[in-house]
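Numbering (my numbering), first residue to last: 114 to 264.
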Amino acid sequence: RGFSVREAAYGATAYLTAGALGGFLGGHLSDRFGARRVILWSFAGSMPFLGAFFLVANPLPSILLLAAGGFILLFTIPVNVVVAQKLVPTQAGTVSALLMGFAWGGAGLVFLPLVGWAAEHVGLHAVMFSLVGLSLPAWLLTRRLPEGIGS
């Protein structure tokens, strides 16, 4: 998109910092409204911000959109871990490790090579923009979770 390395670093920092703060808020919201609702809000709420990030050419608004999308999307990380721990309370540590390991390990081993291959053939911008749409099937799957899960 023509951003400098410095602007890209600001974007990554904003995304990760906002995401960490979002994780704290996600845990609080989960206690108040329930894990399922927070996960649904996260997937639905992050799509407009992350989608708009790819459509805006100016660095400052892009970084702000990326930070807002990361803040909302990363609500789910601590919520998912707590849901897993409550589903298997006798093995909370094991289930947490498996959840994070399979999620991040699977993404690194399977998903990243596929994204790289697609980016070489279609273009990085198009592939990254299309990844925003992965929140939709995640949202649909989350709707199938029972109410009160993780409570």
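Beta carbons: idealized from backbone N, C-alpha and C, even for Gly.
Legend entry - Supposed close pair L163, V245 - CB separation, criterion 8 Å: Indeed, because the Cβ distance is near 5 Å, the residues count as touching under 8 Å.
Inset, instruction - Please report the residue range of the alpha helix (DSSP H) in which F242 lies. - result: 237–244
Legend entry - Residues near L178 in its chain [Cβ-Cβ closer than 7 Å; skip 5 each side]: F162, A165, F166, V169
Legend entry - L179, DSSP secondary structure in three states: helix
Legend entry - Whole-angstrom distance between P259 and V223, CA atom to CA atom: 29 Å
Legend entry - Best match in N193, L186, G132, L173 for proximity to D144 [C-alpha to C-alpha]: Considering only alpha carbons, the answer is N193.
Inset, instruction - Tell me whether R257 sits in a helix, a strand or coil according to DSSP, three-state version. - result: coil
Inset, instruction - Tell me whether the beta-carbon of G158 lies closer than 9 Å to the beta-carbon of I262. - result: no
Inset, instruction - Have a look at G139 and P250 and give me their C-alpha separation to the nearest angstrom. - result: 20 Å
Inset, instruction - Please say whether F184 and A122 have beta carbons closer to each other than 9 Å? - result: no
Inset, instruction - Alpha carbon to alpha carbon, how far is F215 from L225? Give it in angstroms, no decimals. - result: 14 Å
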